[in-house]
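Protein chains in written order, with numbering that gives the first Met the number 0: chain A, 0 to 256; chain B, 0 to 328; chain C, 0 to 292.
Below is one structure, written out as structure tokens; comments come after it.
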Amino acid sequence: MLEISGISKRYGGLQAVKDVNLTVAKGEIVSLIGPNGAGKTTLFNLVTGFARPDTGHVRLEGDEVTGLPPEAIARHGMVRSFQITNVFANLPVIENLRLASYLHLRADLTSDVLGLSPAREKAARTMEEARRILALLDLAKFSATPAKRLAYGQLRLLEIAIALCVRPRLLLLDEPAAGLNSREGEHLTALLRRLRDETGLTILLVEHDMDLVMAVSDRVVVLNFGEKIAEGTPAQVKEDPRVVEAYLGTPFEEEPA
Amino acid sequence: MTENRTVVLLLLLAAILPAFAGGQYVMHLLIMTFFYAMLSTSLNLIVGYVGELSLGHAAFFGLGAYASAVLSLEAGLPFFACLPVAGVVAGLAALLIGSITLRLEGHFFVLISLAFAEVLRYVVINSIDLLRGPLGYPNVPAPRLSLGGTVLADFSSKIHFYYLGLALLALTLLAAWRFARSSYGLGAIAVRENRRLARAVGIDPFRHALVAFVVGGALAGLAGSFYAHYLTFVGPEVLGFGFTLSALMMVVIGGRGTLLGPLLGAAVVGITLELLRSVNEARLSIFGILLVLAVIFLPDGLVSLAARWRRPTLEADQATAALDSPLRP
Amino acid sequence: MLLGDILQFALNGVVTGCFYALMALGLSLVFGLMNIVNFAHGALFVLGGMLASEATNRLGLPFWAAVPAVLLVMWAVGVAIEGGLLARMRDAHILPVTLVTIGLSTFLVNTMLMLFGTEPKNVETGFSGPPFFLGDVIISQSRVLAIGVSAVAILATWVLIAHTRAGRAMRAVFQQPEAAALAGIPIARVHRFTFALGTTLAGLAGILLGAVFVVHPNTAEPAAVKAFVVIILGGIGSLPGAVLGGLLLGLAESLWGGFVSTGYMDAVGFVLVIAILLFRPSGLLGAPAAREG
């Protein structure tokens, strides 16, 4: 589904991402982990067009999307959320989803501009879909609430709802569990599984919450200092000495003589 | 009552008003209000929906006025032929200027939009052979509406301009309403509310800003044509910052990003501006303060007051969201 | 003689350039550091000149006493504007902030027209002795004074920003706000100080303009735009750039007006804005001017 090959990005003296290869198969949930500053969010930005890679390629189902602007990549079906909460804060929840459904609301120019029935029907179908997504995420009762009034946990769910409204083939989530309590985290785990199992969605996520990563991932990819240092099933990665070292520091530091 | 119905009701009231009040001065005030409402509605597409502060709007208004004056005086075209041309000329200018400037970051867009309008004004002032420079074009002829040889209206009386202005305003509002309700308006609002997120859900910010800019520019051109034929004089000051400033005040004081806001703003600000014309500095001084106060204390304009008043039990911003949701103009 | 003409126009350009440099220096603090598109900067510039004109002509104060008094008033005006209006909208979007400065400018310009009349005003310096002759070039005493005072003010501002605690606090607050907050720097006071300094520099430019030529409220908006031109020309946030840009614009206008045409003289600034924003690829369109994300 997603094929990242030899991608690199340098910011001044900092090699943020170095020659990373990564593939995600259809219907897979892959987690990207690594210590702070390992280049996870940079990699997300490179893949989704919010930053341009210096070298390397990004292909989505065989289509070359390297260096396209974010809006074009979203049209290819690759949609992301952001690490820092990002919603249309002033608008009610349902209007957030209406804007997010933009690509599916558009009818032909004439009926779009004149408000003819093809456009109306499309809008009605799209809003039905948006309501279904709201219900799926347990947000239906907040439909009319301005997004800025939502509690933090609901806000994170709204971000996922917004991404889902674009009807992605591949969903990229940047730390969706950050700031959630453990009950909300479990809820999110179940939700991600359901999305994969019921709709066949492919998911790539950056996450620090190891419980979530271990519970939900088919595969885990570990970055450190911009390089991929390990890849495998959650169990394999957990045992990998390079990963343990990256997370805990060098053995020398751990066991001062 | 929804905003749409309020707007339609206001237009209907305006249509029957001459039956009850018909003094020349009152007619003039109302005609100028229609004109200002057109101008501020056109600016609102850019400032209110896209959220970009364009300080060069007078360029499109002024180009429309000049196009109409030149075509009717030099080429002898009738008003109803000049009017669409004025809209097209202004729309093309907006396409050209917008496609150059809308790629710049907001702070720089503000400056460059003003710079384009000012350069245009200086060009006109200095084009003495071609555009009569500071002399401008006096005696722009009145429109004539005829059907198969019979003259339906010769615009010798203000009442004709009144209904022409009202019709053009209705047309402008219709265009603004359709823009706002189409996917273009939706995309523009998304960009205004959160540019990064808009891009992440597949919305091209530049394209949406440009569409709004061109539609707004073309509508301003129509307003310019009406202005030229009503006041019969067009000079370089139609390209000046004053018209942009007036329209901006109306949009902000009335309520950005709504259909009703610019109408209310035009009525309140426009009529007050006209009434205080004899004390020019004082009125502008007052309006400067009003603009500051409105931005700080009434950021959503007079429209939001109406919403608060109608639903006193709800918290203010919820009421605003429910009644004047920018998505349901 | 042609050479003499060039030198004379160049010298006139330097004098005008000094006003632009001072204004731009002030705006550079407000726009470059605080990121406020301050359209009222031109009105504040005129206000300085108008107050100095009143002080020297109507109150009969000597120039050397009027200048500090007016600068003090300008500082207070700056503090009032920042504290009363801008501090309320510190994190607001560019649209409302710019609208407030436009409203403020409209208010100031028209209030000045009401209070001080529509006649252009001069500032009485007492330096009315015979001009100096440098070959073919003539320079009046008041112009020498204007160049001298500008130089001193520019130097003083540079020392203040580069070598004092207040200057360090300013740079910290606007370049690394989080770190500055953690370090306990009083953010609100630094904002107020910076805006007041910018206002005072604009006022000083207006005083000097009135001392050499005349001031008139209608010059406020073109002047504000020119100050923007200058800092875009010199590079946003660069104080030496603002000074250099000011001198360059003064020269360009003077030579253009002298040799090409006076009709387009006021358009020079606007043309430059467009040209720089669109065609200077590295500094402007590349990094800060074009959109990111």
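Backbone N, C-alpha and C define an ideal beta-carbon position, used for all residues, glycine too.
This structure is a prediction, so every number in the text was calculated from the model and none was measured.
- Taking a Cβ-Cβ threshold of 8 Å, the residues of chain B close to I161(A) are L196, V200, in chain order.
- Neighbours of R131(A) in chain B, taken as residues at a C-beta separation under 7 Å, are lacking, since the least C-beta distance is about 17 Å.
- In chain order, R198, G201, I202, D203 make up the part of chain B whose C-beta sits under 7 Å from the C-beta of E70(A).
- By a beta-carbon distance limit of 8 Å, E230(A) contacts V220(A). Their separation comes to about 5 Å.
- Counting only runs of 3+ residues, no beta strand (DSSP E) is found wholly inside the stretch 122 to 169 of chain A.
- Near chain C, meaning a CB-to-CB distance below 7 Å, the residues of the stretch 268 to 299 of chain B are E280, A281, L283, S284, F286, G287, I288, L290, V291, V294, I295, P298.
- The stretch 222 to 239 of chain B makes contact with the stretch 48 to 66 of chain B: 3 or more CB pairs, one atom from each, lie closer than 8 Å.
- Of A129(A), S216(A), T232(A), A176(A), the smallest CA-CA separation from R97(A) is found for A129(A).
- For the pair L243(C) and C17(C), the CB atoms are not nearer than the 9 Å cut-off.
- By the neighbour-count criterion, in which 16 or more other beta carbons inside 10 Å mark a residue as buried, P235(B) falls on the buried side.
- By the criterion of at least three beta-carbon pairs nearer than 8 Å, the stretch 257 to 269 of chain B is in contact with the stretch 1 to 17 of chain B.
- For L211(A), the closest C-alpha among the options K17(A), R192(A), I228(A) is that of R192(A).
- Pairwise C-beta distances place the stretch 51 to 61 of chain B in contact with the stretch 35 to 42 of chain B, as three or more of them are shorter than 8 Å.
- Straight across, the Cα-Cα distance linking L91(B) with H207(B) is about 16 Å.
- Chain-order list of chain B residues neighbouring N89(A): E192, by C-beta distance under 7 Å.
- Contact with chain B is found for D111(A), since one of that chain's Cβ atoms lies less than 9 Å from the residue's Cβ.
- Note on L170(B): under 16 other CB atoms within 10 angstroms of its CB, so exposed under the neighbour-count rule.
- Not a single C-beta of chain A is nearer than 9 Å to the C-beta of L95(B).
- When secondary structure is reduced to three states using DSSP, P185(C) falls in the coil class, being assigned neither helix nor strand.
- The residue among R120(B), P140(B), R143(B), L144(B) with its C-alpha nearest the C-alpha of P133(B) is R120(B).
- Interface residue (Cβ-Cβ distance to chain B less than 9 Å): L104(A) is classified as such.
- Here D173(A) carries a strand assignment [DSSP, helix/strand/coil].
- In the DSSP assignment, R58(A) is bridged to E2(A), E63(A).
- In this structure, A201(C) places its C-beta atom within 9 Å of the C-beta atom of G41(C).
- Taking a cut-off of 8 Å for Cβ pairs, the stretch 186 to 202 of chain C and the stretch 77 to 95 of chain C touch, as three or more such pairs fall below it.
- Excluding its 5 nearest sequence neighbours in each direction, A222(C) has C-beta neighbours in its own chain below 6 Å: G41, F44, listed in chain order.
- The way I'd put it, the stretch 151 to 164 of chain A does touch the stretch 126 to 143 of chain A; three or more beta-carbon pairs between them come closer than 8 Å.
- Per the C-alpha coordinates, the member of D62(A), I6(A), A73(A), I93(A) positioned closest to R51(A) is I6(A).
- Restricted to the stretch 182 to 238 of chain C, the alpha helix (DSSP H) segments that are unbroken, complete and at least 4 residues in length are 186 to 211, 219 to 233, listed in chain order.
- Y162(B) and Y35(B) have their C-alpha atoms some 15 Å from each other.
- For the C-beta of R131(B), not a single chain A residue is nearer than 8 Å; the gap to the nearest is close to 39 Å.
- In the DSSP assignment, L204(A) falls outside any alpha helix (DSSP H) and lies within the beta strand (DSSP E) extending over 201 to 205.
- Looking at the DSSP output, M77(A) shares a beta bridge with L169(A).
- Close to chain B, meaning a Cβ-Cβ distance shorter than 8 Å, are the following residues of the stretch 125 to 154 of chain A: A143, P145.
- DSSP assignment within the stretch 162 to 211 of chain B yields the following whole alpha helix (DSSP H) runs of 4 residues or more, N-terminal first: 182 to 192, 194 to 199.
- Residues of the same chain with a CB within less than 8 Å of the CB of R167(C), apart from the 5 flanking positions on each side, do not exist.
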